[in-house]
Every structure is written in C-alpha cells, then in structure tokens.
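If you're matching them up, the sequences are chains X and A in order.
All the letters of the first sequence, read from the start, carry residue numbers 53 to 402 under our numbering.
All the letters of the second sequence, read from the start, carry residue numbers 53 to 402 under our numbering.
In this text, a Cβ means the ideal position worked out from N, Cα and C, and glycines have one as well.
Bear in mind the structure is a predicted one, so any value in this text is a computation, not a measurement.
Here the structure comes first, spelled out in structure tokens, and everything after it is commentary.
2 protein chains.
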Amino acid sequence: MPLQNDRLLRALARQPVDRTPVWLMRQAGRFLPEYRATRARAGSFMGLATNPELACEVTLQPVQRFALDAAIVFSDILTIPDAMGLGLSFETGEGPRFARPVRSNADIAKLAVPDMDTELRYVMDAVRLIRRELGGKVPLIGFSGSPFTLACYMVEGSGSDNFARVKMLALDDPAALHRLLDVVSEAVIAYLAAQRAAGAQALMVFDTWGGTLAPHLYREFSLRYLTRIAQTLARGEGSERTPLILFGKGNAPYLEDLAASGAEGIGVDWTVSLAEARVRCAGKVAIQGNLDPSTLYASPDAIRREVRRTLDSYGPGPGHVFNLGHGLAPDMDPEHVRVLVDAVHEFSAQ
Amino acid sequence: MPLQNDRLLRALARQPVDRTPVWLMRQAGRFLPEYRATRARAGSFMGLATNPELACEVTLQPVQRFALDAAIVFSDILTIPDAMGLGLSFETGEGPRFARPVRSNADIAKLAVPDMDTELRYVMDAVRLIRRELGGKVPLIGFSGSPFTLACYMVEGSGSDNFARVKMLALDDPAALHRLLDVVSEAVIAYLAAQRAAGAQALMVFDTWGGTLAPHLYREFSLRYLTRIAQTLARGEGSERTPLILFGKGNAPYLEDLAASGAEGIGVDWTVSLAEARVRCAGKVAIQGNLDPSTLYASPDAIRREVRRTLDSYGPGPGHVFNLGHGLAPDMDPEHVRVLVDAVHEFSAQ
Chain X
53 MPLQNDRLLR ALARQPVDRT PVWLMRQAGR FLPEYRATRA RAGSFMGLAT
103 NPELACEVTL QPVQRFALDA AIVFSDILTI PDAMGLGLSF ETGEGPRFAR
153 PVRSNADIAK LAVPDMDTEL RYVMDAVRLI RRELGGKVPL IGFSGSPFTL
203 ACYMVEGSGS DNFARVKMLA LDDPAALHRL LDVVSEAVIA YLAAQRAAGA
253 QALMVFDTWG GTLAPHLYRE FSLRYLTRIA QTLARGEGSE RTPLILFGKG
303 NAPYLEDLAA SGAEGIGVDW TVSLAEARVR CAGKVAIQGN LDPSTLYASP
353 DAIRREVRRT LDSYGPGPGH VFNLGHGLAP DMDPEHVRVL VDAVHEFSAQ
Chain A
53 MPLQNDRLLR ALARQPVDRT PVWLMRQAGR FLPEYRATRA RAGSFMGLAT
103 NPELACEVTL QPVQRFALDA AIVFSDILTI PDAMGLGLSF ETGEGPRFAR
153 PVRSNADIAK LAVPDMDTEL RYVMDAVRLI RRELGGKVPL IGFSGSPFTL
203 ACYMVEGSGS DNFARVKMLA LDDPAALHRL LDVVSEAVIA YLAAQRAAGA
253 QALMVFDTWG GTLAPHLYRE FSLRYLTRIA QTLARGEGSE RTPLILFGKG
303 NAPYLEDLAA SGAEGIGVDW TVSLAEARVR CAGKVAIQGN LDPSTLYASP
353 DAIRREVRRT LDSYGPGPGH VFNLGHGLAP DMDPEHVRVL VDAVHEFSAQ
C-alpha cells in the first residue's frame, strides 16, 4: 500500500511539505472516550498493551478522529525491562512498578537482550497489524524508552522524585551502571530494528529522565547511549534508512551534541524556543515540538495563537514536525486537540 | 555585633575570600533530628513558622552543627498569600494548600499588600531574634517566593504537576494575571525591605516554578517581576545595598537576562555547568549553586569528588557561593551534609 501522507517522512528528511506535519505524544490515550472504552474491555493497561488487536484499535482511534499526520504504535516505554524479567505492573494512579528491580551487580549480570520474536512478539504483531489496518493513510512510528530512562525505572523500581538510587549508582559504581546501560542499549537497538522490520516507518526514543542529570553525567550516562543507538541503527540493511527521532525532556542544553548524533530528528520540550533550537541544530536534523501541553487547557483562540507562535518560531523552510513538548493528559478536551491539529495545517499551508 | 564571617557578603560583592562560602537550601529542615524534635513541639509546620522563638531555634541548628557560612530565616515561601487571606495549611505528606485560592477577577481585586508590622510581624520578630542569637557568627539571609511562583500556588490552590490553571490564566486573561502579579510583587518588595530593616543581611527570591513556562511566557510573567524587585530594592535607603540573590529552578536559558536584572547573585540548579553560567553572566553577578542534591545519597568519597568538580567548574576568582541546585531532602544523612560542607572549605582554601 503506497503511503498517502508522507509529510512526516518528508519533514524528517528536511524536504519541503505542503503543510507542517503534526502528531501528538500520547495521542492514543485516556483523553479519548473511545480509548477509555477499549481500555475497560482490556481489563488492565498491560492487558491492552500486550493484545495486538486492542493495541491496534487504540493506535488508530486518534488518527480516525483528527487530521493527524502520523500514528504511533500503542505500547509502553517499559516493555524491554518487563521482557527482561523485572515484572512490570501499573497500580491505579501510581504509575509503573517493577516487582524485581535491579539492586545489585548480580541483578545486572543476569540481564540479557530479550528475544524480539518471542518475548516481545506482541509488539511486533501490533506493528504488523497496525500497518495493515492503516492502509497507508499515515506513516507508523515505532518507539522505545532511552537506555538511561529505562535504567531509572529498573534501578528505582518505579518513578521517582529525585532518582536517588540510579544517581547513587552513577557516582559510586559507574562501571556497574555502564554494564546495565550497555545491555539495555543493545536491547533498545534490537527492539527498534525489529519494529522497523515489522513495518515501522519512523522510530523514536523517549529520554524522559536524562535531563535530570548534571551535564557531565548526562553526557556520560545518557547522550553516549543515545548516540550509540543513532550510529548503530545508521548501519542498517542497505536500503533507505528509517528516520530516528530522539526526544528528551530537558535536552535543550545538549542540542548541538544531539544534532551530531546521527539521528534524523530531535524532539524538544517547550522550555526552548524552536528558533533557538533550529539555530543550535544548524540544519543537521529536523526538529520536533514543542507546544506546552498545558496550552490545551486554554481557550480555542489562545490555542490557535500559540500554534501560530510555535510555527513562526520555527520559521520558514523545511524540517519541522509539530508536536507537544510532552504528552497529552487525561483531562484534556478532545475538541481542543482538534483545534490544535487543524490550526497547524491551516497556518502552515503555503 | 560585628560580623565574624563575611565570606557570603564578600562573595556576593565579587570580592576575594579565603574559602568559598557555603550554605544549603533547606538547611534548617527535616533531615536534622534536632529539627524534628522542635517541629514536634510546635505541633504543626505553621505553628513552627509563626513562632519566632521556635523559628529562631531551627534556624540556628544547622549553623551550630555544620561550618556553614550563612543562616537563612526559617519560614515558608507562602507567608505572603497566607497574610493576604488565602488560608495556608500543610496537609501531612501533601504539601501546601490554600483554603481560598484565587479563582476570579473579583478574588484578584480583593488582594492587597499585607501590613508587614502586623500581619507578617512574626517573620520580622524571627529575623530580629535570630540576628541577636547569631551574635555575628554568620550573616542572616531573608527570603521570599517569586511573584510567579506565589501566583502558581495562589491560583492552583496547591502544588501542581502542570500548573494548568495559572497557565490558562496567562493565555486567556493575561491582564488579570498581571494584576495579580503586580500586587504580589509589591508585597514581595515590601516583605524583603521589612526583613532587611529587621536585620536580614542578604535577600533571596525563590522562583521555583518560572522555569516551567515557555520562554515568551517566562519573560512576560516571571522575569519582568523578578527584574522589578531587583530594580526597586536597588533604590534602597541610601546606605550600602543589601545583596539580592535570584534563584530559579530551570532558569539556565535566561542567565543573560537575570545577570542584567540588578540582582547581586543568581542561583542556578544543577542542569547547567557553573563554567557556562559564569561565562553567560559575564562577571556582572555572583553565582550561587549548584550541586545536584541527590549527590548526598552517594558515598563520602563521591560527594567530595563532586564538590571538587563543582568548585573546578566555577574556576578561580571571586563570586561563587556554594550551594545545592535545590533543597535538602528529609531522608538525607546529616553526616553526608557535613562531608559536603567541609569539602567546600578544604578544596577552596587558597
């Protein structure tokens, strides 16, 4: 099936587009009543994520409802550590939790890259099914958590205010944290390559927590592994490379490094202007972002104004993928999301 | 009583010091067993903060235990809105909460600058008592929350993950938010001036939440009012100006603006290196910071290494006040805090 809407892929290749492509982090999620209905049928979050038919259903919902230019496979960033045996669950209102967090060198030594054809087959099955069901309407993005972000959850056992345990490990036994990041990075590379083989047309890495590190530790424990992923995926299988986007909350101080990583796109949060991000990335990559998601709580007029400001901040010329600076929240109004998506296309039309 | 330790004031004036001065945000707090004992006697957090004798006692505790170069009056950033009638309380494990948050233009119109001699007298009484009890051992810092940070709590009614209400107000009724920030700024200026008159030898403004704004909104709703405070306090009463430090979590993108605000010192979090902060502030101000507080969970050896790295990052020459990039946490080990404080003095000795 030929791709009917290639705006995302053209923008990531920094080629001209008729309108700026737009998709939204967590666009398949609780703010949509149809998602909540499917989620209720699935019984649990992981029940939904591990069922390819239901994952396909919720992936398609926002693409059916809004004029979005991409779909992103419905999954979770923590599927890799779950497949490594850590035992992922989601307590209501509590966020993710691992039954068996990584707490010792022996725990790290036991970790191995999961088998993509068996242990993470449900993700690849979902990718294949979604590609078929999309019928070429928009491209499909596959994704993974970043090595450092996965290590945060694996070591802490859950989310954290201060990441005390993983930062302690970084300072007191950096070699151990590097061993952990090494095996996780190999797993991320295999996971992204498998999603690509299953049909993902763009790939994205979410580095949610790298930005909580001091600069010397970010470079050592997050940037190094993001770069390895970008470089290793670059040595793909001869054909055209599937574009890779590196998103990081708080990654603004490192845009020059990220632009030189080998990735095709850099996703930024809203604390840096796109004008500045564009200058600092110096035309080496496309830039994805970066409206503050809280903008969606404001009136439609204000949303349209801020969309226009975001487009103006990037300025003319190719290489912009419109997105939020972070994910949609459950209490956001789907009609406000529609206003945002339509405004991106309206204001960016040539 | 002559001041026996003027390292802080000399560093803020960018004059040479024999050792880099060090104090720690939230140094009077729950990580100290003697604090927890006084807090238990007070019954509640506000019972402690509003009792000058007990506030004096907990202010002095860290100065007695560690070789700190400054004391900071024990208080809360939310005393001003409380005195404006919003009804502050602290639920256990919940953080601050206002009984009567600001939810309408009528609510904003009712706000007035509190009377410092009556409604906030307990703070000035604490400042006077602490100055007397310190006996000139180290200087005393007075402080306030920043206008935008106070507005966040006043509008949301409590802490927030996303500051949806205040950001909605910024976009949908910016004039209303400016009216709110205007009266709060006047109150902050009066409050800092009153603490100075009561004996505070340095002043600090905590802009905890300004960094959550997009750049154009930060400049309009946070930076503008920080600058007004710095400029207005500059027009003091003829004598030597009491130095002002502007701290902001996530303020790294705005260091050039903050250095030009008129403040004597800029406090930064750990996501920017002091080397970069120093270059960007171009010698106009002293810089305070910026060790990641989570460093204190690591071993004494690692703490010493990171202290040395922080000092080296600032480099030689005057104008550095050592601090954390954010406050101490209740589960930190006082002996690790001692290692940090002593290492700052040891490594910075000429």
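Any Cβ of chain A within less than 8 Å of the Cβ of residue i?
| i | result |
| --- | --- |
| Tyr205 (chain X) | no |
| Asp309 (chain X) | no |
| Thr144 (chain X) | no |
| Leu223 (chain X) | yes |
| Ser351 (chain X) | yes |
| Asp344 (chain X) | yes |
| Glu387 (chain X) | no |
| Thr260 (chain X) | no |
| Glu358 (chain X) | yes |
| Thr347 (chain X) | yes |
| Ala161 (chain X) | no |
| Ala401 (chain X) | no |
| Ala354 (chain X) | yes |
Are the C-beta atoms of residue i and some chain X residue less than 8 Å apart?
| i | result |
| --- | --- |
| Trp322 (chain A) | yes |
| Lys219 (chain A) | yes |
| Ala395 (chain A) | no |
| Tyr366 (chain A) | no |
| Ala119 (chain A) | no |
| Ala381 (chain A) | yes |
| Ala135 (chain A) | no |
| Ala107 (chain A) | no |
Mind reading off the beta-carbon distance from residue i to residue j? Whole number of angstroms is fine, and I expect it under 8 Å.
| i | j | result |
| --- | --- | --- |
| Val125 (chain X) | Gly81 (chain X) | No, Val125 (chain X) and Gly81 (chain X) are not in contact; Cβ-Cβ is about 13 Å, not under 8 Å. |
| Ala266 (chain A) | Trp322 (chain X) | 5 Å |
| Leu192 (chain A) | Ala123 (chain A) | 5 Å |
| Phe118 (chain X) | Val393 (chain X) | 5 Å |
| Arg78 (chain A) | Val69 (chain A) | About 24 Å separates the two Cβ atoms, so there is no contact after all. |
| Thr90 (chain X) | Val110 (chain X) | 5 Å |
| His388 (chain A) | Pro352 (chain A) | 7 Å |
| Val320 (chain X) | Gly377 (chain X) | 7 Å |
| Phe258 (chain A) | Phe299 (chain A) | 5 Å |
| Ile318 (chain X) | His372 (chain X) | Not a contact, Cβ separation roughly 11 Å. |
| Leu138 (chain X) | Arg155 (chain X) | Between Arg155 (chain X) and Leu138 (chain X) the Cβ distance is about 11 Å, and since that is not below 8 Å, they are no contact. |
| Gly211 (chain X) | Gly263 (chain X) | So it is not a contact: roughly 15 Å between Cβ atoms. |
| Leu269 (chain A) | Ile160 (chain A) | No, Leu269 (chain A) and Ile160 (chain A) are not in contact; Cβ-Cβ is about 18 Å, not under 8 Å. |
| Gly188 (chain X) | Leu55 (chain X) | 5 Å |
Using the three-state DSSP reduction, which class does residue i fall into: helix, strand or coil?
| i | result |
| --- | --- |
| Ala151 (chain A) | coil |
| Met256 (chain A) | strand |
| Ser127 (chain X) | coil |
| Asn303 (chain X) | coil |
| Gly251 (chain A) | coil |
| Ser274 (chain X) | helix |
| Ser156 (chain X) | coil |
| Glu403 (chain X) | The displayed coordinates of chain X run from 53 to 402. Any statement about residue 403 (chain X) would go beyond what the structure contains. |
| Glu171 (chain A) | coil |
| Gly194 (chain A) | strand |
| Glu474 (chain X) | Nothing can be reported for residue 474 (chain X): it is not among the residues displayed for chain X, which extend from 53 to 402. |
| Val240 (chain X) | helix |
| Gly317 (chain X) | strand |
| Ser212 (chain X) | coil |
| Leu229 (chain X) | helix |
| Val74 (chain A) | strand |
| Leu112 (chain A) | helix |
| Leu223 (chain X) | helix |
| Leu61 (chain A) | helix |
| Leu310 (chain X) | helix |
For the ligand NAD, I want to know if residue i counts as a neighbour, meaning its beta carbon is within less than 7 Å of at least one of the ligand's heavy atoms.
| i | result |
| --- | --- |
| Met77 (chain X) | The ligand NAD is not among the ligands present in this structure, which contains no ligands whatsoever. |
* Asked: What residues in the stretch 183-217 of chain X bring their beta carbon closer than 9 Å to a beta carbon of chain A?
  -> Asp213, Asn214, Phe215, Ala216, Arg217
**Report entry** Contact residues within the stretch 326-342 of chain A, judged by C-beta distance below 7 Å to chain X
**Finding:** none
Quiz item: What residues from the stretch 262-288 of chain X come within 9 Å of chain A, judged by C-beta to C-beta, listed N to C?
Solution: Gly263, Thr264, Leu265, Ala266, Pro267, His268, Leu269, Tyr270
At a Cβ cut of 8 Å, what residues of the stretch 290-306 of chain A count as close to chain X, listed as they run along the chain?
Gly302, Ala304, Pro305
Query raised in the report: Using a beta-carbon distance cut-off of less than 7 Å, what residues from the stretch 222-243 of chain X approach chain A?
Result: Leu223, Asp224
Sequence ranges, alpha helix (DSSP H) only - wholly within the stretch 338-393 of chain X, length at least 4: 352-366
Item to check | Residues of the stretch 88-101 of chain A whose Cβ lies closer than 8 Å to any Cβ of chain X, in chain order | outcome: none
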